[in-house]
Structures are given as structure tokens and as C-alpha cells.
Amino acid sequence: MASSMRSLFSDHGRYVESFRRFLNNSTEHQCMQEFMDKKLPGIIARIGDTKREIKILSIGGGAGEIDLQILSKVQAQYPGVHINNEVVEPSGEQIAKYKELVAKTSNLENIKFAWHKETSSEYQNRMMEERELQKWDFIHMIQMLYYVKDIPATLKFFHSLLGANAKILITLVSGASGWDQLWKKYGSRLPRDDLCQYVTSSHLTQMLDNLGLKYECYDLLSTMDISDCFIDGNENGDLLWDFLTETCNFNTIAPPDLKAEILKDLQEPEFSVKKEGKVLFNNTLSFIVVEA
Numbered sequence: 009m010a011s012s013m014r015s016l017f018s019d020h021g022r023y024v025e026s027f028r029r030f031l032n033n034s035t036e037h038q039c040m041q042e043f044m045d046k047k048l049p050g051i052i053a054r055i056g057d058t059k060r061e062i063k064i065l066s067i068g069g070g071a072g073e074i075d076l077q078i079l080s081k082v083q084a085q086y087p088g089v090h091i092n093n094e095v096v097e098p099s100g101e102q103i104a105k106y107k108e109l110v111a112k113t114s115n116l117e118n119i120k121f122a123w124h125k126e127t128s129s130e131y132q133n134r135m136m137e138e139r140e141l142q143k144w145d146f147i148h149m150i151q152m153l154y155y156v157k158d159i160p161a162t163l164k165f166f167h168s169l170l171g172a173n174a175k176i177l178i179t180l181v182s183g184a185s186g187w188d189q190l191w192k193k194y195g196s197r198l199p200r201d202d203l204c205q206y207v208t209s210s211h212l213t214q215m216l217d218n219l220g221l222k223y224e225c226y227d228l229l230s231t232m233d234i235s236d237c238f239i240d241g242n243e244n245g246d247l248l249w250d251f252l253t254e255t256c257n258f259n260t261i262a263p264p265d266l267k268a269e270i271l272k273d274l275q276e277p278e279f280s281v282k283k284e285g286k287v288l289f290n291n292t293l294s295f296i297v298v299e300a
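9 is the number of the first residue of the sequence shown in the working numbering; add one for each residue after it.
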């Protein structure tokens with residue numbers, strides 16, 4: 009039975025829908041917003057000192073919602089300074105949405121946008137071939153390192169692109185989250201493909217330590233309401249199951265013993281908290297700021 013389970017990433021439409029349900033049922037965006045409002049201004053306080061132009065590189069910029077929040081904070085810190093914002097994003101669909109968002113957003117006059125439809129490793133290879141390594145003032149990688157094969161090499165490469173006072177911002181799930189527990193316990197029993205890695209802030213800080221890079225790590229609590237996962241035949245619950253396990257149609261095709269085991273664990277304190285009749289999965293995020 010287990011061999012018939014396939015990765016959620018093989019069905020793009022279902023993956024997109026399950027991700028949308030995750031966002032609707034989690035405080036992920038609110039958590040990001042809190043970080044942008046409270047922590048980011050201090051982090052970017054010196055990136056543009058004495059510079060006529062601030063260069064920002066977005067790796068895995070998606071549809072641009074988070075990117076534009078970051079840009080607005082940079083604009084507030086350096087009013088009127090020209091910003092060169094380049095985006096590396098492998099999905100043409102996401103780039104189209106990003107461009108639409110830019111077209112309908114005001115106050116972007118001092119920002120020049122450029123999009124590259126490629127993965128971070130394709131970008132890296134292209135830069136190495138061109139041998140003209142541009143320096144950047146701020147590089148951000150929001151929830152994208154799960155899709156990188158060689159993370160230490162990627163970190164080392166992008167760190168080499170930092171200019172004076174520059175920083176890299178990385179966001180991914182915390183080693184203290186329910187994801188860490190889920191992946192440790194069940195990763196080997198769930199379908200895998202080459203698209204996604206189980207990586208948390210614990211792995212990442214270890215890699216940064218090994219590379220001798222200086223960084224700071226901030227954890228912000230986030231939750232995902234998974235109550236519907238406990239209701240048989242609930243469509244929202246089924247899609248959240250897919251997202252949790254990265255398995256297409258998990259609820260209908262998973263071996264009953266595996267499903268029962270995960271179902272029981274998801275209610276345990278190391279995975280979730282129970283509040284006002286709801287089961288809230290621990291989706292705590294880590295924001296890691298790497299110094300030049």
C-alpha cells in the first residue's frame with residue numbers, strides 16, 4: 009500500500025490548493041508580518057549607508073507579497089533612495105502573479121524590478137559562468153531552502169555576494185516546531201521526491217556554524233488549525249493532511265496503521281496544543297539573519 013503513495017508535488021494543482029488551505033488555516037502570514045514590523049527595520053538599519061542604490065536579491069520570491077513588504081520597510085528606512093530588486097523564481101505562474109501585484113501597487117516608483125525564471129542553483133551556475141559576481145546589500149530566502157539540494161554550498165555562494173553591511177534573511181520552520189517532530193518520526197515512511205528536503209532551523213544553524221558564518225536567529229510562534237483533519241470526509245481536512253504529509257490524497261490511500269499513528273501523535277503536546285476545542289499544530293517559524 010505504501011508504495012502506491014506519491015508525493016504531493018507530482019500533482020501541481022492539488023499542491024497549490026493544499027498550500028492555500030495551509031495559509032488559510034495558519035498564522036504563517038501574520039507571523040511574517042509581525043517579524044517585518046517589529047524586527048526587520050532594525051536588521052536593515054545599515055544596509056544602505058552611504059549608498060546611492062540599494063541592491064536587493066529575492067531568492068524564491070513567489071508571488072511577491074512578502075517581497076513588497078520587505079521593500080516598503082527598506083523605502084521607509086531610506087526614503088527616495090533608488091532600489092534595484094531582482095527576483096529568482098522558478099515558477100512562471102508565480103512570476104506572472106508577482107508582476108500583476110507590482111502593477112497594481114503604488115509607491116514603487118524608485119524601485120527597478122527584474123525577474124529571472126530559474127532555480128537558485130541555475131542562478132548560481134549562470135553567475136559563475138558570467139564571472140561577474142554582483143554584490144548585494146540584502147538577500148532574502150523566504151521558505152525556500154527546502155527545495156535546494158546542496159544547502160551549505162548555496163549558503164556559501166550567496167554569502168560571497170554580500171557587500172558592506174549587507175545581510176541575508178532566511179526563513180524556515182523552527183527546530184522547535186511540530187514539523188521537526190513529524191519529519192523525524194515519519195519522514196522515512198512518507199513518499200519522497202527530489203523536490204523537497206526536511207530541513208529546519210536546527211539543521212541550518214549547524215550548517216552556518218560549520219561554515220563559520222555569523223548569524224542571529226529569531227523564533228516566532230505560529231500555528232495551523234488542523235481540527236478538520238480529525239473529521240472523516242472533510243475536504244479541508246483532506247487537503248491539510250496532504251500538506252502535512254506532503255502526500256497526494258494521503259487520507260484515502262495511506263496505510264490505516266500509519267494514518268492512525270500520525271493522527272494520535274498530532275494531538276500530543278510536542279506536535280500541537282488544544283485550545284478552545286481546536287487542535288493547533290506548532291508551525292513556529294525561524295528568521296535567521298546572516299551577517300556579511
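Virtual Cβ for every residue (Gly too), placed ideally from N, Cα, C.
Residue state for residue 153 is assigned as helix, using DSSP reduced to three classes. Annotation: residue 237 to residue 36 spans about 18 Å, alpha carbon to alpha carbon.
Every alpha helix (DSSP H) stretch that sits fully inside the region 18-57 and reaches 4 residues is listed by chain position as 20-33, 36-46 and 48-51. Rounded to whole angstroms, the Cβ separation of residue 154 and residue 204 is 5 Å, and the two are in contact under 8 Å.
According to DSSP, residue 233 shares a beta bridge with 288. Between the C-alpha atoms of residue 275 and residue 207 there is a straight-line separation of about 22 Å. Close CB contacts of residue 288 within its chain, under the 8 Å cut and outside five residues either way in sequence, are with 231, 232, 233, 234, 280, 281 and 282 (chain order).
Secondary structure note for residue 96: its beta strand (DSSP E) is the uninterrupted segment 90-96.
One thing to note: residue 49 has its Cβ no nearer than 8 Å to the Cβ of residue 77.
Taking the Cβ atoms as the reference, residue 69 lies roughly 4 Å from residue 95, within the contact range of under 8 Å.
Straight-line measurement puts the Cα of residue 98 at about 13 Å from the Cα of residue 105. In the three-state DSSP reduction, residue 103 falls in the helix class (H, G or I). Along the length of the region 161-221, whole alpha helix (DSSP H) runs at least 4 residues long occupy 186-194 and 209-219, reported in chain order.
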